[in-house]
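Read the structure below first, then the notes.
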Amino acid sequence: MKKVILKTTLSLAVALASTQLFASGFALNEQSISGMGTGFAGRSSSADDASTIFGNPAGMSRLKREQVTGGVAFIDAHADISDASSSPNGGTNKGDMVPFMGVPMGYYVKPIDDHWAFGVGVYAPFGLVTDYENGFAGRYFGSKSEVKIVTLQPTVSYAFNDKVSIGFGPTINRIDGTLESNLSLNPRAPDGTVKIKGDDTALGYNIGILVQATDSTRVGLTYHSKVKYKLEGDTKVNYNLLGALGQNPSQKYDASLDITTPESVDFSVTHQLDDKWTLYAGSTWTRWSRLKEISVENSGVPAALNSRFGTITEEQNWHDTWAHAIGASYQLNKQWVLRTGLSVDQAPTNNEDRSPRIPTGDRKIFSLGAGWSPTDDLTIDVAYSYLREESVKVNNSNGRQNYSAEYENYANGFGVGATYRF
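Just so you know, the sequence shown maps onto residues -23 to -1, 1 to 399 in mature numbering (1 follows the signal peptide of the UniProt record, and there is no 0).
Right, dumping it as structure tokens:
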């Protein structure tokens, strides 16, 4: 029972559609459409538009005109599930658990003078969405998750000179989620359900430095801080067999969960090879080892049910990861720039603790993009990314049910955005 409930609560801790998206664990990469075109290879050093607020807040110093950048990335994700085995109730393994969805973003930057600039951004740094079919064989370890983190980041940058600038932005982060899984104490009885809701708002920060090392080479370093959440909400249990224990079949408990999203460090280099070609390279380290375990506290649980629905703890044992990317852009003419990129990203999960909620493995991502500037004031960006993960295994047991399967995930990402300069 403990694992049944905990697999449901996991996503309260790990927040919009990342299990099959374009960054490892439950992180999202979709904060910039121009950056998406180069596989985010130059995220902390390119500073092409106002989305640098996320990529590197120091990059605002390179934007000499007031501007607004906005966009949305659309995700079409799939999973091939094979070699599935479950007991005792069986079920289906269609694998279409991530709905087609969009990830929006928006930024504004205003230069104040030759040194100072101000900006504000709204984006999604982490998230999770999975929604398996009714009758999914692994439904006792996760049937539906819909959790979002939305971040508001006011930001300032300061340029010491034309070579070195710094930037800083506090982040206001809102996490909100609803999660469900099935419950069964008797294989001959209909399933019950467990539904958990919770939310919180917490503070963090991003800080960066940008250095024009040579006339043609620029390097950037960005630190995204950890964020500590204490989610408050409720756990609802609906199960007819609770009546046999002398309890109301519908139970509702106050729930709380402490979770920390990890810090990350991004380093990248942008090198202008000539008037046409620009090259990008970058690496990101993420401290996923913070996710050692998940512990959920439910209060108001009757004594007869406390062993099942009281304190629920499960080991996760994630590990730190590295992501690496290379990319290039080609200035075809004054109006058009073409982009491409290739990235590799480690998964933080392990074979022992991996669940159907986050069945993720190491991934490779190929990206294409373009920017069209019909005038000096307007640029329209488009991007496409194809992701494929290595095959990974899920092997879960809670003492009553078992589920094992092999997952191979892939996804197509489409992005469109625009920058308008005043």
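Don't be surprised by glycine CBs; every beta carbon is placed ideally from N, CA and C.
Which residues bound the alpha helix (DSSP H) around Gly12?
-> Taken as a continuous stretch (DSSP letters only), the alpha helix (DSSP H) holding Gly12 covers 10 to 14.
Who pairs with Trp262 in a beta bridge, going by DSSP?
-> Trp262 pairs with Val242, Trp299.
Grab the span of the beta strand (DSSP E) containing Ser381 for me, first residue to last.
-> In the DSSP assignment, Ser381 falls within the unbroken beta strand (DSSP E) covering 379 to 398.
Whole angstroms is fine: what's the gap from Ala27's alpha carbon to Pro325's?
-> One C-alpha to the other measures close to 30 Å.
Buried or exposed for Leu355, please, with buried defined as at least 16 other CB atoms from any protein chain shown within 10 angstroms of its CB.
-> So Leu355 counts as exposed.
Does the Cβ of Asn163 have 16 or more other Cβ atoms within 10 Å, making it buried, or fewer, making it exposed?
-> Asn163 is exposed by the Cβ-count criterion.
Segment limits, alpha helix (DSSP H) that includes Ser284 | 283 to 286 is the span of the alpha helix (DSSP H), which, as asked, contains Ser284.
Please say whether Gly144 and Tyr182 have beta carbons closer to each other than 8 Å?
-> Taking 8 Å as the Cβ cut-off, Tyr182 and Gly144 do not qualify as a contacting pair.
Write down the C-beta distance between Gly16 and Ser320 rounded to the nearest angstrom, noting that I regard them as a contact closer than 8 Å.
-> Right, the Cβ-Cβ distance comes to about 4 Å (below 8 Å), so this counts as a contact.
Ile89 by DSSP, collapsed to three states: which one?
-> When secondary structure is reduced to three states using DSSP, Ile89 falls in the coil class, being assigned neither helix nor strand.
Trp299 and Ser260 closer than 8 Å at C-beta | Cβ atoms of Trp299 and Ser260: closer than 8 Å.
Report yes if the CB atom of Leu256 is closer than 8 Å to the CB atom of Ser21, and no otherwise.
-> In this structure, Ser21 does not lie closer than 8 Å to Leu256 by Cβ.
What whole-angstrom Cβ distance do Ala258 and Ala18 have, given they're in contact under 8 Å?
-> Contact holds; Cβ gap of about 6 Å.
Bridge partners - Leu309, DSSP secondary structure assignment = For Leu309, which the question treats as bridged, DSSP gives no partner whatsoever.
Quick one: is Phe137 buried, meaning 16 or more other Cβ sit within 10 Å of its Cβ, or exposed?
-> Phe137 should be labelled exposed.
Under the three-state DSSP convention, the category Ile335 falls into = Here Ile335 sits in coil by DSSP.
Answer yes or no: do Arg116 and Ser142 have a C-beta to C-beta separation smaller than 8 Å?
-> In this structure, Ser142 does not lie closer than 8 Å to Arg116 by Cβ.
What does a CB cutoff of less than 6 Å around Val49 pick up in its chain, not counting 5 residues either side in sequence?
-> Contacts found: Gly79, Pro81.
Using the C-alpha atoms, what's the distance from Leu345 back to Arg39?
-> A straight line joining the alpha-carbon of Arg39 with that of Leu345 spans about 25 Å.
At what residues does the beta strand (DSSP E) containing Thr29 begin and finish?
-> Where Thr29 is concerned, there is no enclosing beta strand (DSSP E), although the alpha helix (DSSP H) around it starts and stops at 29 to 32.
Residues of its chain near Gln44, where Cβ-Cβ distance is below 8 Å and the 5 sequence neighbours each way are ignored = Non-local beta-carbon contacts of Gln44 in its own chain, meaning distances under 8 Å to residues more than five positions away in sequence, involve Asp26, Ala27, Tyr85, Val86, Thr396, Tyr397, Arg398, Phe399 in chain order.
Limits of the unbroken beta strand (DSSP E) element including Ala54 = Where Ala54 is concerned, the enclosing beta strand (DSSP E) stretches over 44 to 64.
Opposing strand residues paired with Arg39 [DSSP bridges] | Arg39 pairs with nothing; no bridge assigned.
How many angstroms separate the CA atom of Asp192 from the CA atom of Trp254?
-> The alpha-carbon of Asp192 is positioned some 14 Å away from that of Trp254.
Output the distance between the C-alpha atoms of Ser51 and Asn6, rounded to the nearest integer angstrom.
-> Looking at the sequence itself, residue 51 is Phe, so the reference to Ser does not match. Cα-Cα distance, rounded: 12 Å.
How big is the Cα-Cα spacing for Gly104 and Glu240?
-> Rounded to the nearest angstrom, the two C-alpha atoms are 15 Å apart.
Per-residue burial, Thr288 [other beta carbons within 10 Å of its own, 16 or more giving buried] = It counts as exposed.
If you drop the 5 nearest sequence neighbours on each side, which residues of the same chain put their C-beta closer than 8 Å to that of Asp252?
-> In the same chain as Asp252, and ignoring 5 residues on each side of it, the C-beta atoms closer than 8 Å to its own belong to Gln308, in chain order.
Where the beta strand (DSSP E) containing Tyr216 begins and where it ends = Here Tyr216 belongs to no beta strand (DSSP E), and DSSP marks it neither H nor E.
With DSSP collapsed to three states, give me the class of Phe145.
-> In the structure shown, Phe145 sits in a strand (DSSP, three-state: E or B).
Could you tell me the distance, in whole angstroms, from the CA atom of Pro65 to the CA atom of Arg285?
-> Between the C-alpha atoms of Pro65 and Arg285 there is a straight-line separation of about 20 Å.
Using the rule of at least 16 other Cβ atoms within 10 Å of the residue's Cβ for burial, across every protein chain shown, is Ile10 buried or exposed?
-> Around the CB of Ile10, 16 or more other CB atoms lie within 10 Å, so the residue is classed as buried.
Residues near Lys121 by beta carbon distance below 6 Å, same chain, minus five either side = In its chain, beyond the 5 residues on either side, Asp108, Glu157 have a beta carbon closer than 6 Å to the beta carbon of Lys121.
Same chain, Cβ closer than 7 Å to Lys71, five either side skipped, listed in chain order | Glu110, listed in sequence order.
Residue burial classification, Arg340 (beta-carbon count within 10 angstroms, cutoff 16) = Arg340 is buried by the Cβ-count criterion.
Who does Met82 pair with in a DSSP beta bridge?
-> Per DSSP, the beta bridge partners of Met82 are Gly48.
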